[in-house]
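Numbering (UniProt numbering), first residue to last: 1 to 1048.
Beta carbons are placed, not taken as given, at the ideal position from N, Cα and C, and that holds for glycine.
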C-alpha cells in the first residue's frame, strides 16, 4: 500500500550481499581444497620419484605403482575425507554454538502462581498487586509500571482506561506474569483467560480457533458464538464455522478476527478474564452487543479486567483505574471518578446510565443462556491437532448431521508438489541464471582440460616407468663421450625399442622437467577451474534469489492469503540455502569424480581395450540403478521440502500468539503439535538418507565385482596378452581408485539431481502470478492527482478471480476535498473498498481519480499517490526515521514536526526520537502509538487523497479528538475517506457512505440521513445510546449548517 518495495528490496539486497560474501569465501576455500584433491597425490608422487631419480635408484613398476596405490589411499583419507571431516565438524560446532546461544537465553518464569478453581479460597482476593514495579526487560532502565496497588475480588468488573502508551496492556501482561518484576508483590488466585489487543488467529478452522484445545461442547459453543455476535458472520462464510482461515486470519476482516479472539477467551472456563481492548475493532452496534451480552452478560458472575478506550461503557464497572505514564493516576467507581477533576475522568460522563429495564434484560439473557460448567483443558486423543492439521479437521465428528455433510476444502491449505511446474533442463536453468553461454562453456572446458592434465600426468608416469624398465631389462648402448648419436648400434637400438621414437635416449633430468611442468600446468588448470566454477555458482545463486524475491513482492495479494508465511520462508531459507551451498558442493564433487572416472577408464582401455566391454556393462547397470533410485529420491526430496513448510508456519504462529498460549496453559498442545510436524519432516528426511545409503551400497557391490574381474584377468592372462608390469600396475591402481570414484561420483550425481529439486522449488516461485499491471501504462502529470476527485462506476471487486464478488455494483462520486465517512457492520466491505482503490485485488468496472482510470496507471505510481493509515498498523525493525521516511526524502525538522502533530508523547523522550530503535513489528510501541506513527507517515507524504482505516480505533478519546483536529487542519485541502466504528469521528463529514454485504446502502450528508428515521444510519446512531446519540446528532447538524454556509 505504501509502494515501499524499492527501499525494502534495497535492504534485502544489502543483507543478501553480506550473506553471499561469506558463502563465497567458504566456497573458495572449498574450491582450493577440491583443487588440491586432484593435485596432492600427483605432487607427492613427483616428489618421491624426484628423490628416487636424484639418488640414482632404479625406477621400477613394482616400486612406483605400490607408492602410487599407497598415495591414492592416503589421499582418499587425508585430502578428501579428513579435510571434509574437519570442515563439517567446524560447521557442526558453529551450529551447536548457535543452538547453545538460543538454549541459554533466560527461561520464562511466570511472576504469578495461579491456582485452580477447585482450591479457590473465598477469603482471598483473586488478584492482589502491592507496591509493584515492573519492567518489560531487566536490561531496560525505565519501568513499565510503577507503584501499582490493586486488589480485585471475585465477580468484579474492573475497567482500565488511560491515554495511549500509559501502561494498560502492560498491567494485563503483568497479571499474566509476562513482565520482569523489580519489586513489590503479585498474587493471582485462580485460572486466567486472555484476549489480546492484536487478535491472534492461526491457520485452522474458525471452530478450532475458538475451542483451542478445550473440549467441544455444542451448547456452550453456540452460547459463546451468540454472545460474541458471530452468528451472522458464520452465515457469510462458505463452510460456516468449519471455514479455514488463512495464516494470521488472512481471509477475515479486523472485526471478525477481534471477535474470534474474544470468543476463544470466553469459551475457556476460567476465574479471571483479562480483556485487552476487545471493543476497538468493531462498530458501535456490535460493541454495545459485546459489552452488554458478552462481558456483562455471559460473564456476569466472573472476574473481568477490561482495558478499553470506549469509556462510556464503564458506568456499571465495580472499579475503574486511570493509568498515566505507568502509574495509577486515579481510581474508584464510576460515580467517584465522574465527580473528580481528572481530565480523563470527565470522559466517563458522556453517556447516562442504562435504565433498570435494560439492566434486567441483560441479566435475564445471561442467566438463561449461560451454562455453568467448570472444565479444564482436556487433552483429546489428537489434542495437538487443534491447529491446522488436515487429518484431524477431516476426522472431527459433529453431533449435528447437517454439519457432518459439510466438506472442508483442504486444497488451499496444502502445499502442492513442484513436480512438472518448471519446464526445461534444471541444470542449464541453474547455470544460465548466473552466466552467459560462453562463460558456462569456458568453465566446462576448464573441467575437461584439468582432467586431461591429470590423465597426462598419470600416463607420463606409466610411460617413464616403461622406459626405465626397458633400459634395465635390455642392454641398451648408453651415450657417452666416445659414442655419437649417429653410431649404428645406437640407431639400431632405438629402432628395436617398442617406443618408436627417441624418448629412450632421454636423460632422467629431461623426464623430471617434463613431469614437473605437467604438474604445474595441472595445478594452474585445476585451481582456475575451481575458482571460476564457484564464481559462476555464486552468481547463479544471487540471481535466483533476486528473481524470486522480486516475484514474491510483485505477487498478487491472493498468493499471500493462500500461502502461510512459513511456506514462503521455507523457499527463502532452506531452498535458497541448498542452492547456495549444497548444490555447488555436489556438482563439484560429482563432476570431479565422474571426470576422474572417465580418465581412469580411458587409461585402462588404452592398456587393454577388452576392458571397455566390462566398463560398458558395469556402467550400464550403474545407470539403470541410478535411474531407479532417482525416480524415488527426487519425489522424496520434493516431499521433504513440502513437509518442512508447516514446521516454519507453526513456529511463526506460536511465537505470534505466545502470550495467549501461555495464558491458556496450552504450551503442551503446541509442543505436541510442533513435534508432529517435526516428525513428519524427519520421516521424509530419513527416507531420503536411507534411499541414498541403499544406492551407495548397490554401487559398492558393483565396484567390488569390477575390481575382482580386472585383477583376476591380469593374474590369469597378463603373460598371454604380453602386458608389462607398468601397464598392469597402472590398470590395477586405476581400477581401485576407479571403484571409489565411480560409486562416489554416481552418488554425487544423484545428489546433484536431488539438490536441483531446490532449484525447481525456487524457479516455481519465479512463475508466481504477478499483480495486473496496465499493458500500455499511462503517464499521469507529475502533480496528479491535483484535485482528488474519485468516481466509482459499476465497480465490483473479488479477491480471487474465480471467487464471489465482495463489492458489487458500486456507483458513486466523491468530490475534490470532500471528507467521506464509511460505516457499516463488521465485514460489510468497508476495508475492501480501500483494497479496491489500491487495486490489491481483481477490480471490475472502473475507478477514476481526477478522470484517469486507475487501471491505466502503474501500480507503484498509483499507490504512492494515495496515503493510508491501515487497520493493523505495521512498523518495521529499524529506526523511527526509517519507518517514517524509507526513501530519505525529507528533513529531520519536517519529520519531528509530524511526530509532534500526531501527539506521540513520551516524557522520557525514548520512543519519539528519530534515531530510536523500532523492534520487529513495532513490539516496543503500544498499538495506539503505532497508529500515531502511521498517521505521521501520512502527514509527511502529504498526498491529495488520504484513507483512514480504523485509524484511531486503538487510541483514547482525547488523543482521538486531537488526531481528528490534526487531520482536519493538515488535510483540509485533501479528499479524506475514513472507515470508522466510532461514529463521533465521522459525524462532521461532508458525506457518509453506509455499506452492507459489499453494496452501497446510503450515501449523503449525515444530517440528511438522520432526518429519515428508517435509514440504516439513523438506526446505527440510535443504537449508540441516548446521550451519545443526541451528541452525534448535534455534531451532524452543526456540520451541515457550516457546509451549507448558513449561520447557526
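Quiz prompt | Residue ranges of each beta strand (DSSP E) within the segment 816 to 890, 3 or longer | solution = 819 to 824, 842 to 849, 866 to 869
Quiz item: Buried or exposed: residue 220, going by 16 or more other Cβ atoms within 10 Å of its Cβ?
Solution: buried
Practice problem: Tell me whether residue 443 is buried or exposed, calling it buried when 16 or more other Cβ atoms sit within 10 Å of its Cβ. | Solution: buried
Quiz item: Going along the chain, which residues of its own chain have a beta-carbon closer than 6 Å to the beta-carbon of residue 387, five neighbours each way excluded?
Solution: Since pLDDT at residue 387 reaches only 37, below the 50 mark, its modelled position is unreliable, and the value read off the structure follows with that caveat. 202, 204, 673, listed in sequence order.
Quiz item: Can you name, in chain order, every residue of its own chain whose Cβ lies under 6 Å from the Cβ of residue 920, other than the five neighbours on each side?
Solution: 877
Practice problem: Would you please state the rounded distance, in angstroms, between the beta carbons of residue 1009 and residue 936? I believe it to be under 8 Å. | Solution: At roughly 33 Å, the Cβ-Cβ gap does not stay under 8 Å, so residue 1009 and residue 936 are not in contact.
Quiz item: When burial is assigned at 16 or more other CB atoms within 10 Å of the CB, is residue 695 buried or exposed?
Solution: buried
Quiz prompt | Start-to-end residues for the alpha helix (DSSP H) that takes in residue 966 | solution = 957 to 970
Quiz item: Who does residue 319 pair with in a DSSP beta bridge?
Solution: 158
Quiz item: With a CB to CB cut of under 7 Å and the five nearest residues on each side skipped, what residues in its chain are close to residue 28?
Solution: 531, 534
Quiz item: Does the segment 569 to 581 touch the segment 752 to 772, meaning 3 or more C-beta pairs lie closer than 8 Å?
Solution: yes
Quiz item: For the putative contact between residue 1049 and residue 948, defined by C-beta atoms under 8 Å, what is the C-beta separation to the nearest angstrom?
Solution: Coverage of the chain is limited to positions 1 through 1048, which leaves residue 1049 absent and any answer about it impossible.
Practice problem: Could you give the DSSP three-state label for residue 304: helix, strand or coil? | Solution: strand
Quiz item: On the three-state DSSP scale, how would you describe residue 332?
Solution: strand
Self-check item: Cβ-based neighbour list, residue 732, same chain, cut-off 8 Å, excluding 5 preceding and 5 following
Solution: 65, 69, 710, 711, 714
Self-check item: Residue nearest to residue 142 in terms of C-alpha spacing, selected from 924, 1040, 320, 957
Solution: 924
Self-check item: residue 28 - containing beta strand (DSSP E), residue span
Solution: Segment 5 to 54 is the alpha helix (DSSP H) holding residue 28; no beta strand (DSSP E) there.
Self-check item: At least 3 beta-carbon pairs within less than 8 Å: the segment 311 to 323 vs the segment 152 to 161
Solution: yes
Quiz item: Mapping DSSP to helix, strand and coil, what is residue 95?
Solution: helix
Quiz item: Cα separation between residue 125 and residue 200?
Solution: 30 Å
Exercise. Can you tell me the Cβ-Cβ gap for residue 457 and residue 522, rounded? I've got them flagged as a contact below 8 Å.
Key: 6 Å
Practice problem: Run through the segment 609 to 638 for me and flag every whole beta strand (DSSP E) of 3 or more residues, listed as ranges in chain order. | Solution: none
Quiz item: Does the pairing of the segment 549 to 567 with the segment 510 to 520 give three or more beta-carbon distances under 8 Å?
Solution: no
Practice problem: Just mark residue 25 as buried or exposed, buried being the case when its beta carbon has 16 or more other beta carbons within 10 Å. | Solution: exposed
Quiz item: Should residue 888 be flagged as near chain D, meaning a C-beta pair shorter than 8 Å?
Solution: This model lacks chain D altogether; it includes just one protein chain.
Quiz item: Does the distance from the CB of residue 946 to the CB of residue 867 come in under 8 Å?
Solution: yes
Quiz item: Start and end of the beta strand (DSSP E) containing residue 995?
Solution: 991 to 996
Exercise. Taking only the alpha-carbon atoms, compute the straight-line gap between residue 300 and residue 168 and give it to the nearest angstrom.
Key: 22 Å
Quiz item: Which partner residues of residue 133 appear in the DSSP bridge assignment?
Solution: 183
Quiz prompt | Where the beta strand (DSSP E) containing residue 1036 begins and where it ends | solution = Here residue 1036 belongs to no beta strand (DSSP E); instead the alpha helix (DSSP H) covers 1026 to 1043.
Quiz prompt | Secondary structure, alpha helix (DSSP H): runs of 4+ residues fully inside the segment 548 to 609 | solution = 557 to 562, 565 to 570, 583 to 607
Quiz prompt | From 317, 747, 273, residue whose alpha carbon lies closest to that of residue 591 | solution = 747
Quiz item: Below 8 Å between beta carbons: does that hold for residue 245 and residue 825?
Solution: no
Quiz item: Alpha carbon to alpha carbon, what distance is there between residue 703 and residue 74?
Solution: 19 Å
Quiz prompt | For residue 871 and residue 409, the rounded distance between their alpha carbons | solution = Note that residue 409 scores 47 on pLDDT, short of 50, meaning its location in the model is unreliable; the coordinates nonetheless yield the value given after this. So the alpha carbons of these two residues sit roughly 29 Å apart.
Quiz item: Taking DSSP as the reference, what is the three-state secondary structure of residue 210?
Solution: helix
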